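For reference, the structure discussed in these notes is given below.
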Amino acid sequence: MSVRHVEEAALDWVSTHRDGFVLGEDALAADGQVNRTWKPLGELAQVCASVSACTVPSDPVHARVSELLEFAWQQTRRGELFPLMQSLEPFATYPLEVYAAFASAGHRHAGYEASAAVVARTRGWRLTEQYPTRRLGVVEAERRSGIRPHGPVPQALSRTWLGGLPEPWTFERAAGYALTHVVFHLTEWGRTPQAMPPDLADYLLHWLPPWLDTCLEARMWDLSCELLAVAASLPQPPGAAVLEDAWQRLAAAQHASGALPEEGVMQDAAADGPAAGQDPYAFTDCYHSTLMAAFAAALTTARLRDVDHAGQGVPG
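So in the UniProt record's numbering, spot 290 of the sequence shown is number 290, and the numbers just go up one at a time.
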């Protein structure tokens, strides 16, 4: 099964289930669950923006993700919800992080950017306590939104797990997700592989293959997809054999519907499983990993198309 097939099948599932990304009445509620409202929508926007950027306009995938991105933008009332969110939670960073995904694709709201810039100049904003990787993400979100970053990238990077070049045997799930997002922030979600600092790129080139193998062996499909996206975001990706094996294992875990579970064994339409035509997983159990499969596949396909790997490659 090709990388392209994984991408198209994943996008089929996302398109079919786009109602799962709709913002409900609780999107602006004081007790609303951000992880069930804004987080999925922001992730949809970021993946669609990234896939659109690395896909040629003549490709049908480009039109599909552009349509999904427009759908996501409409959910925000074309940006009108962002000022409302800021008025309710002035020092919450997630509105800006979600907005930055849209801004990177050209969907902007001048009023929100102006008010967000004012808040970003306050001491309260600069001193908000966050995990180092999140801090780096906020700095990047400010830049993508046309706001002067409140701190330098090298300083934020130095405090992250990956930025410290840790002992490779200390890798585990939390570190894995942290390192993937550091790479995404540094490379504009895979758009600029050359922006990776050389020492980090060399470190990942050496250690990413065994980490990826470990995650695939443990059936951690979501993290495996993110690591494959990292592989496609490096100036020099891992060897062809490593990536070919990883994509074959990932493709085998993808359901016929295009859905990919976050982890575990793939369900099928067996007698004790879902009937044919029914969703094999709950939306919350597979939407992120399915988006990441499309994202990683699109980046991989783009590298195959645009970069001479000196004989390296993965199945196209």
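Beta carbons: idealized from backbone N, C-alpha and C, even for Gly. Remember, it's a predicted structure, so these values are computed and weren't measured experimentally.
Item: Could you tell me which of Arg-64, Glu-113, Ser-233 and Glu-70 sits nearest to Met-85, measuring between CA atoms?; Value: Glu-113
Item: State the Cα-Cα distance for the pair Trp-13 and Tyr-281, rounded to the nearest angstrom.; Value: 12 angstroms
Item: With a threshold of 16 other CB atoms inside 10 Å of the CB of Phe-21, please say whether the residue is buried or exposed.; Value: buried
Item: Output needed for Pro-238: all residues of its chain with C-beta closer than 7 angstroms, excluding positions within five of it in sequence on either side, in chain order.; Value: Leu-205, Leu-208, Pro-209 and Ala-231
Item: Using 8 angstroms as the threshold, is the C-beta distance between Leu-157 and Leu-136 below it?; Value: yes
Item: Helix, strand or coil, according to DSSP, for Leu-69 in the structure here?; Value: helix
Item: Taking the straight line between their C-alpha atoms, what separation do you get for Gly-79 and Leu-41?; Value: 13 angstroms
Item: When the Cα atoms are used, what is the spatial distance from Pro-166 to Pro-197?; Value: 15 angstroms
Item: Could you check what DSSP says for Trp-247 in three-state terms: helix, strand or coil?; Value: helix
Item: Closer than 8 angstroms by C-beta to Ala-218: which residues in its own chain qualify, once you throw out the five before and the five after it? Chain order, please.; Value: Glu-263
Item: Do Val-51 and Glu-8 count as a contact pair if the criterion is CB distance below 8 angstroms?; Value: no
Item: Identify whether Phe-171 lies in helix, strand or coil by the three-state DSSP scheme.; Value: coil
Item: Looking at C-beta atoms only, is the number of pairs between the segment 90-106 and the segment 125-132 that lie closer than 8 angstroms three or more?; Value: yes
Item: Would you check if the distance between the CB atom of Val-47 and the CB atom of Ala-251 is smaller than 8 angstroms?; Value: no
Item: Could you pull out every unbroken alpha helix (DSSP H) segment of at least 4 residues lying fully inside the segment 72-155, listed in chain order?; Value: 81-88, 94-103, 110-120, 123-126 and 132-144
Item: Is Ile-147 near Ala-195, with beta carbons less than 8 angstroms apart?; Value: no
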